[in-house]
Amino acid sequence: MSLSLDIRHRFPGFALDVALDTPGPGVLALFGPSGSGKTTTVNAVAGLIRPDEGRVSVNGETLFDSHARVWVPPRRRRVGYVFQEARLFPHLTVHDNLLYGWRRAGRPFDRAGIDHVVALLGLGALLDRRPRTLSGGERQRVSIGRALLTAPRVLLLDEPLTALDGPRKDEILHYLERLRDETRIPIVLVSHSIDEVTRLADWMAVFNEGRLAAFGSVFDITARIDLFPMTGRFEAGVVLAATVAGHDRAHALTRLSFDGGELVVPGLDAPVGAVMRVRLRARDIMLALDPPERISANNVIAATIVEMRVDPGAFVEVLLQAGESRLIARITRYSMDRLGLEPGRQVHAILKTVTVERRSLAAGGEAQDL
Amino acid sequence: MLTPAEVEALLLSLRISVVAVGCALPLAVLAAYGLARLDFPGKTLLDGIVHLPLVLPPVVMGYLLLVTFGTRGPVGSWLLDTLGIRFVFSWTGAALAAGIITFPFQVRAIRLALGAIDAKLEVAAETLGAGWFDRFWTITLPLALPGVIAGAITAFAASLGEFGAIITFVSNIPGETRTIPLAIYTAIQTPGGEADAARLAALAIALALAGLVLSELAARRVARLHG
Chain A
2 MSLSLDIRHR
12 FPGFALDVAL
22 DTPGPGVLAL
32 FGPSGSGKTT
42 TVNAVAGLIR
52 PDEGRVSVNG
62 ETLFDSHARV
72 WVPPRRRRVG
82 YVFQEARLFP
92 HLTVHDNLLY
102 GWRRAGRPFD
112 RAGIDHVVAL
122 LGLGALLDRR
132 PRTLSGGERQ
142 RVSIGRALLT
152 APRVLLLDEP
162 LTALDGPRKD
172 EILHYLERLR
182 DETRIPIVLV
192 SHSIDEVTRL
202 ADWMAVFNEG
212 RLAAFGSVFD
222 ITARIDLFPM
232 TGRFEAGVVL
242 AATVAGHDRA
252 HALTRLSFDG
262 GELVVPGLDA
272 PVGAVMRVRL
282 RARDIMLALD
292 PPERISANNV
302 IAATIVEMRV
312 DPGAFVEVLL
322 QAGESRLIAR
332 ITRYSMDRLG
342 LEPGRQVHAI
352 LKTVTVERRS
362 LAAGGEAQDL
Chain B
5 MLTPAEVEAL
15 LLSLRISVVA
25 VGCALPLAVL
35 AAYGLARLDF
45 PGKTLLDGIV
55 HLPLVLPPVV
65 MGYLLLVTFG
75 TRGPVGSWLL
85 DTLGIRFVFS
95 WTGAALAAGI
105 ITFPFQVRAI
115 RLALGAIDAK
125 LEVAAETLGA
135 GWFDRFWTIT
145 LPLALPGVIA
155 GAITAFAASL
165 GEFGAIITFV
175 SNIPGETRTI
185 PLAIYTAIQT
195 PGGEADAARL
205 AALAIALALA
215 GLVLSELAAR
225 RVARLHG
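One line per chain: the protein sequences are A and B, in this order.
The C-terminal residue of the first sequence carries number 371 in my numbering, and the numbering is unbroken.
The C-terminal residue of the second sequence carries number 231 in my numbering, and the numbering is unbroken.
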C-alpha cells in the first residue's frame with residue numbers, strides 16, 4: 002500500500018505533528034502510549050477529524066489537502082474502520098450489519114464475495130443473531146467483516162483487541178493474520194501492545210506526545226535500544242525472521258535457523274522451510290564471557306557487543322550483533338562492571354527455550370518490497 | 005349501550021387525536037433531534053417555546069389560537085383568503101389545538117430516547133458510507149423508536165382529554181368539535197344528565213387505560229426487537 006500522511010492539528014493541551022510515507026505494502030502499526038496521537042492520526046485518515054493543516058493520501062488518491070482545498074467526506078473515503086468497541090448496530094442482525102456498508106458502497110451483488118468474508122472470519126453460524134447475543138470476540142469479528150465488505154482502500158484497526166480478554170485476543174489475532182495473508186487490503190493497526198505489533202505488522206511508527214519518534218520495519222525498530230523508553234522496557238525485545246530448520250518430535254521442540262545462529266523453541270506446527278517471526282525479550286537473554294558448559298539453557302549464540310545503553314536505574318541494554326542479526330540483552334549495571342563488558346567484546350548470549358512463549362512466535366517474515 | 009351522540013363524540017375524539025398526533029409527530033422528531041443533537045443560537049428559546057404548552061393554562065392557549073387563527077387573525081384570515089382553510093368552529097381546529105398542547109409530551113419522550121443512543125454508532129455508519137439522512141433513517145430513528153412510540157401514545161391519550169384549549173378555540177359544536185370531555189361537560193350542565201356523564205366518564209377511563217396498556221405492549225415489543 003501506500004499511505005502518505007503529513008498532518009498538523011491542535012487540540013487544547015495537545016498538538017499532533019506527524020508525517021510518514023509507507024515504503025511498501027503490508028501492515029503498518031501505529032505504536033505508542035495512550036494519548037500519543039495514534040487514534041487522532043487514524044481519524045484523520047478516515048476523515049473523522051479535519052486537521053488544521055496538511056495532506057492525507059491513500060494509494061495515490063488525495064483525501065485531504067489543506068493547501069489544494071481537497072476534502073473528501075468520511076462517507077466517500079471507503080476506509081474500513083474497525084473501532085475498539087465494535088460499534089455494531091444493535092437493532093440489526095449480524096447479516097444486516099455485515100451488509101450495511103456493502104449496500105452503500107455501490108457494489109454489485111456478489112454472493113461469493115460475501116461468502117468469502119463470512120468464511121474468512123468464521124461468521125457463518127452467527128448471521129441471524131443480534132449483536133447483544135454475541136461474545137466480545139464475535140462482535141469484533143463481525144465489525145471487521147462489516148468493514149471488509151465495503152471493499153475499503155485501507156483497513157483501519159483502532160486497538161481492536163484492547164476490549165477483549167486473553168483467549169479472545171488470540172482468536173482475533175488469528176483472524177487478523179489470515180486477513181493479512183489472504184487479502185491484499187492494506188492495514189493500519191493502532192496498538193499499544195508490542196505483542197500484537199510484532200505478530201502482525203511489517204512497518205512500525207512509534208508515536209510519542211503527538212510526534213513520530215521513529216518509523217521503519219518492525220525488525221529495525223525493535224532492534225533500536227534508544228527507543229526503549231517509548232516502546233516499553235519490560236516487554237522490549239528484538240523480532241527476528243527465522244526459518245524452520247527441523248523438528249525434534251520426541252522432545253516437542255523446533256529448531257529455527259536465522260542469520261547468526263540457531264534457536265531451539267517449543268514445538269511448532271509449521272513445515273520445514275517456513276518463515277517465522279520470533280520475538281526475543283531483552284530480559285530473557287543473559288550474557289557469558291566463556292561458552293557455558295553443562296547448562297540447561299538450549300540456546301547459546303556467539304555475538305559481539307555493538308552498543309550499550311545505561312538506564313537511570315539498575316539496568317543496561319546491550320545491543321549485540323550475531324551474523325547479520327541483532328539481539329538485545331538486558332542485564333544489571335553490576336553484571337556489566339563485574340564482567341567488564343564494553344562495545345567490541347565477544348560474548349555468548351544465552352536464552353532459555355521456555356522463555357519463548359507461543360505468542361512470541363508468528364508466521365511471516367519480512368514484507369516484500371514492491 | 006351508547007347513544008348515537010355519544011358514539012359521535014367518541015369517533016370525533018379519536019379522529020381529532022389521530023390527526024393531532026400524526027401531524028405533530030414529524031415536527032416533534034425534528035424538534036427533539038435539534039434539541040438533543042444540535043447546537044445553534046436560540047436553542048434555549050426553542051426549548052422554552054416547545055415546552056410552553058405544558059405550563060400555560062389551556063384556556064390561554066385556546067385564546068392565543070383564536071387570536072392567531074381566527075378568521076380575522078393574521079394567519080387565519082390569510083389561510084381563509086388564499087387557501088379557503090378555516091380552523092375556528094371546525095374539528096381541524098380542535099386537532100390543531102390538541103396537537104400543540106400535546107407536542108411537549110412527544111418531544112420529551114423522543115429527546116430522551118435520542119439522548120440514550122450512542123452517537124458513536126452514527127460515526128460508524130458514516131465511515132460505512134451513509135450520509136446524514138441515511139444515518140438518521142436507518143440508525144438513529146429505529147433506535148429511538150421506543151421513545152417515539154411512547155411519546156405518540158402519551159400524546160394521544162392526553163389529546164383525548166384536552167378540554168380548555170378546544171372549547172376556547174373552536175367552541176362546543178355537536179358532531180364537529182364536541183369531543184368526549186366536552187360531551188361530559190355538556191351532560192353535567194344539563195339537568196338530569198348525570199347518568200350520561202357517568203357513562204362517558206367510564207368511557208374516558210377505559211380509553212386512557214387502553215392507551216397505557218398499548219404503550220407498555222409496544223415498548224416491550226420494540227425492546228425485544230432491538231435485543
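For every residue, glycine included, the Cβ atom is placed at its ideal position computed from N, Cα and C.
Please read these numbers as outputs of a predicted model, since none were measured by experiment.
Any Cβ of chain A within less than 8 Å of the Cβ of residue i?
i         : result
Val33(B)  : no
Lys124(B) : yes
Arg228(B) : no
Determine the chain B residues that contact residue i at a beta-carbon separation under 8 Å, and present them in chain order.
i         : result
Gly268(A) : Ordered by position in chain B, no residue passes the 8 Å Cβ test against Gly268(A), which lies about 42 Å from the chain.
Ala47(A)  : Thr131
Using a Cβ-Cβ cut-off of 8 Å, state whether residue i counts as contacting chain B.
i         : result
Phe229(A) : no
Leu180(A) : no
Ala1(A)   : Chain A is shown from 2 up to 371; residue 1(A) falls before or after that span and cannot be answered.
Arg105(A) : yes
Arg359(A) : no
With DSSP as the reference, label residue i as helix, strand or coil.
i         : result
Ile50(A)  : coil
Arg250(A) : helix
Gln369(A) : Any answer about Gln369(A) is weak, because its pLDDT of 42 lies below 50 and its placement is not dependable; what the coordinates show is given next. In this structure, Gln369(A) counts as coil in the three-state DSSP scheme.
Gly55(A)  : strand
Ala271(A) : coil
His10(A)  : strand
Gln322(A) : strand
Thr190(B) : helix
Gly233(A) : coil
Leu84(B)  : helix
Glu263(A) : strand
Gly26(B)  : helix
Ala359(A) : Before going on, a small fix: residue 359(A) reads as Arg here, not Ala. If DSSP states are grouped into helix, strand and coil, Arg359(A) belongs with the helices.
Gly151(B) : helix
Glu308(A) : strand
Thr144(B) : helix
His193(A) : coil
Just the chain B side, please: which residues come within less than 9 Å of residue i by C-beta, in chain order?
i         : result
Gly102(A) : Ala129, Thr131, Leu132, Gly133 and Ala134
Arg147(A) : Ala128 and Leu132
What residues of chain A sit near residue i, judged by a beta carbon separation below 7 Å?
i         : result
Ile143(B) : Phe90
Of all the residues that make up the region 145-159 of chain B, which are near chain A by a beta-carbon distance shorter than 9 Å?
Of all residues in the region 145-159 of chain B, only Pro146, Leu147 and Leu149 place a beta-carbon less than 9 Å from a beta-carbon of chain A.
Using a Cβ-Cβ cut-off of less than 9 Å, give me the residues of the region 93-117 of chain B that come near chain A, in sequence order.
Those residues of the region 93-117 of chain B that come within reach of chain A (Cβ to Cβ, closer than 9 Å) do not exist; the list is empty.
Is it true that the region 234-248 of chain A meets the region 183-200 of chain A, where meeting means three or more beta-carbon pairs spaced less than 8 Å apart?
When C-beta atoms of the region 234-248 of chain A are compared with those of the region 183-200 of chain A, three or more pairs fall below 8 Å, so the two segments count as touching.
Members of the region 73-100 of chain A that neighbour chain B once the beta carbon cut-off is set at 7 Å:
Taking 7 Å as the Cβ-Cβ cut-off against chain B, the residues of the region 73-100 of chain A that qualify are Pro75, Arg76, Val80, Tyr82, Phe84, Arg88, Phe90, Pro91 and His92.
Give me the subset of the region 42-75 of chain B whose CB atoms are less than 8 Å from a CB atom of chain A, sorted by chain position.
Answer set for the region 42-75 of chain B: empty.
Three Cβ pairs or more, each shorter than 8 Å: is that satisfied between the region 358-365 of chain A and the region 128-136 of chain B?
Note that the region 358-365 of chain A does not touch the region 128-136 of chain B; fewer than 3 beta-carbon pairs, one per stretch, sit closer than 8 Å.
Mind checking the region 267-297 of chain A against chain B and listing, in chain order, the residues whose C-beta falls within less than 8 Å of any C-beta there?
Cβ contacts with chain B come from no residue of the region 267-297 of chain A.
Compile a chain-ordered list of the residues in the region 125-137 of chain B whose CB is closer than 8 Å to at least one CB of chain A.
Hits within the stretch, in order: Leu125, Val127, Ala128, Ala129, Glu130, Thr131, Leu132, Gly133, Ala134 and Gly135.
What residues in the region 236-269 of chain A bring their beta carbon closer than 9 Å to a beta carbon of chain B?
Along the region 236-269 of chain A, none of the residues has a CB nearer than 9 Å to a CB of chain B.
According to a CB-to-CB cut-off of less than 7 Å, which residues of the region 151-167 of chain A neighbour chain B?
Residues of the region 151-167 of chain A with a C-beta atom less than 7 Å from some C-beta of chain B are Thr151, listed in chain order.
With a cut-off of 8 Å, do at least 3 Cβ pairs link the region 81-89 of chain A to the region 145-159 of chain A?
Touching, yes, given that three or more Cβ pairs across the two stretches are closer than 8 Å.
Does the pairing of the region 52-70 of chain A with the region 96-116 of chain B give three or more beta-carbon distances under 8 Å?
For the pair of segments examined, the region 52-70 of chain A was found not to touch the region 96-116 of chain B: the number of CB pairs separated by less than 8 Å stays below three.
Spell out a yes or no on whether the region 126-141 of chain A and the region 101-118 of chain A are touching, meaning 3 or more CB-CB pairs, one atom from each, closer than 8 Å.
Short answer: they don't touch.
Inspect the CB distances between the region 177-194 of chain A and the region 30-38 of chain A and report whether three or more fall short of 8 Å.
The region 177-194 of chain A is in contact with the region 30-38 of chain A.
Hey, is the region 248-257 of chain A in contact with the region 332-349 of chain A, meaning 3+ C-beta pairs nearer than 8 Å?
As far as the Cβ criterion goes, the region 248-257 of chain A does not touch the region 332-349 of chain A, which means the pair count is below three.
Tell me whether the region 31-46 of chain B and the region 103-122 of chain B touch, counting them as touching only if at least three CB pairs, one residue from each stretch, are closer than 8 Å.
These segments touch.
Can you find at least 3 beta carbon pairs, one from the region 132-151 of chain B and one from the region 191-203 of chain B, that sit closer than 8 Å?
Between the region 132-151 of chain B and the region 191-203 of chain B, the count of Cβ pairs shorter than 8 Å is below three; the stretches do not touch.
Would the region 296-316 of chain A count as touching the region 259-267 of chain A if we require 3 or more Cβ pairs under 8 Å?
Because the criterion of three Cβ pairs below 8 Å is met, the region 296-316 of chain A and the region 259-267 of chain A touch.
Count the C-beta pairs between the region 10-18 of chain A and the region 41-54 of chain A that are closer than 8 Å, then say yes if the count reaches three, no if not.
Yes, the region 10-18 of chain A is in contact with the region 41-54 of chain A.
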